Ligand SMILES: NC(=O)c1ccc[n+]([C@@H]2O[C@H](COP(=O)([O-])OP(=O)(O)OC[C@H]3O[C@@H](n4cnc5c(N)ncnc54)[C@H](O)[C@@H]3O)[C@@H](O)[C@H]2O)c1
Ligand SMILES: [Zn+2]
C-alpha cells in the first residue's frame, strides 16, 4: 500500500493511518508532497510513479489518498494510470474532500493548459470519512468547503439551503451531529448526480459546475492565492447576477444567496481588485467550453438550475466588474 499525503496532513494523521494499516497486516509506505494546489502537477505525479516503481507495487496493491482535494485528485490519478489502473481508497481530511472531491471519480492534475486539464475518471473503492479531522482544519478551509455544500443546495435542494441558514452557528462551530448530517446530505446529492451522468455527457453532471466557470478563472488568475471555495463563491455571485439580469432569478433569492454565503464567511466581493478582462478571457479556456461556446449554469430559482450557452462576454464582464465594487 502507498499512502500519499501532503506534509501538513502527514504530521496530523499520518501516524494513526500507518498504524491502522499495519495492524491490518498490510505492508504500507508513506509518500508526501508539499501542501497546496501547486502539488497537483505532473512533477509530483512522477514522484509518486517513482515511489511505486521502487516498491514494485502491482495490481494486488493499492493507494490511499490521505488529505484534501489535492491529495485525492493527485493520488487518484496516479492510481488511474499506474499499470493501467490500480485501486485506491480515499481518506478525506478537508470538508471540500469529504463532500465533493472524494466522490465522483474525477482525478487529475493541473497543467499550463488549464486547471484539472489532465486526468481520468477513476473511482475509489472506499471513501472513509472521519468528521473529527475537521477539528484541526483552519476556519478558512471550513468556509471554503461550505461553498460546495451551498452549491449542492442551490442546484438541487431548497430545503437544504434553509437547513444551512438555520444551522449556521452550529456548522461554523463544527458541531459533530450537524457536520455528519451535512456530509451525508452532500454525499447523497453529489452521488445522485454522478450516478445519472458519470462522464459529464448529458448535462446533469455539468450542473455541479455552478459558480465554477468564473471561479476557476479567478483561481487561475490569482495563481491559487484564493481557496477553491472562495473563488467558487465569487463565481456563484456572478452566475446569480447573470441569472437575475436574464430575468430568470428573482432579486429576493439573489439577496438570500448573497446573505448565506456571507454568513459562512465566504467572500461575495473580490478581496483584491480583479483584472476583469483577464478573468473573462480565462473563462474561454475552461473545460466547460463546448464547441467554442461556454456553458453557463444559471438559476431559475433555488434548486432549479438551467444551462445556457448564449451568455455574451459584455454581460459577464459587467458582473465580474461588480465583484470589484466593494464600496
Ligand atoms: N475531483 C473532484 O471532483 C474535485 C471536487 C472538488 C475539488 N477538487 C479539487 O480539490 C482541491 C481543493 O481541495 P481542498 O480544499 O481540500 O485543498 P487541499 O487538499 O489543498 O487542502 C487544503 C489545506 O488544508 C490542509 N489540511 C487538510 N486537511 C487538514 C486537516 N484535517 N487539518 C488541518 N489542515 C488540513 C492541507 O494541508 C492544505 O494546506 C482543488 O484542487 C480542487 O480542484 C476536486
Ligand atoms: Zn469545486
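Residue numbers (the working numbering): 97 to 423.
From the three backbone atoms N, C-alpha and C, an ideal C-beta is built for every residue, glycine too.
For clarity, every value in this text was computed on a predicted model and none was experimentally measured.
With 16 other Cβ atoms within 10 Å as the buried cut-off, status of residue i
i           : result
residue 194 : buried
residue 305 : buried
residue 430 : Since the first residue of the chain shown is 97 and the last is 423, residue 430 is not available in this structure.
residue 222 : exposed
residue 116 : exposed
residue 114 : buried
residue 226 : exposed
Rounded C-alpha distance that separates residue i from residue j
i           : j           : result
residue 224 : residue 171 : 15 Å
residue 368 : residue 420 : 8 Å
residue 283 : residue 190 : 14 Å
residue 262 : residue 255 : 10 Å
residue 278 : residue 201 : 21 Å
residue 353 : residue 235 : 21 Å
residue 286 : residue 199 : 7 Å
residue 158 : residue 105 : 20 Å
residue 350 : residue 162 : 37 Å
residue 358 : residue 340 : 19 Å
residue 160 : residue 187 : 7 Å
residue 327 : residue 320 : 9 Å
Residue i - DSSP class collapsed to helix/strand/coil
i           : result
residue 377 : helix
residue 101 : strand
residue 281 : helix
residue 229 : helix
residue 184 : strand
Near ligand 3: residue i beta-carbon under 7 Å from a heavy atom
i           : result
residue 328 : Annotation note on ligand 3: not contained in the displayed structure, which lists ligand 1 and ligand 2 as its ligands.
Own chain, CB closer than 6 Å to residue i, minus 5 neighbours either side, in chain order
i           : result
residue 136 : 166, 169, 170, 205 and 206
residue 210 : 381
residue 266 : 274
residue 415 : 334, 337 and 338
residue 248 : 282 and 285
Beta-carbon proximity list for residue i, same chain, < 7 Å, skipping 5 on both sides
i           : result
residue 203 : 169, 172, 173, 176, 215, 216 and 218
residue 130 : 102 and 103
residue 109 : 162, 189 and 229
residue 296 : 302
residue 378 : 313, 316 and 317
Chain-order list of residues whose beta-carbon lies under 8 Å from that of residue i (same chain, five-residue window excluded)
i           : result
residue 238 : 191, 230, 268 and 270
(request) Using the beta-carbon of each residue, find all residues closer than 6 Å to any heavy atom of ligand 1 and list them in chain order. (result) Matched residues: 102, 104, 105, 108, 131, 132, 133, 136, 163, 164, 165, 166, 167, 169, 189, 190, 192, 193, 196, 197, 200, 202, 212, 229, 232, 233, 237, 240 and 324.
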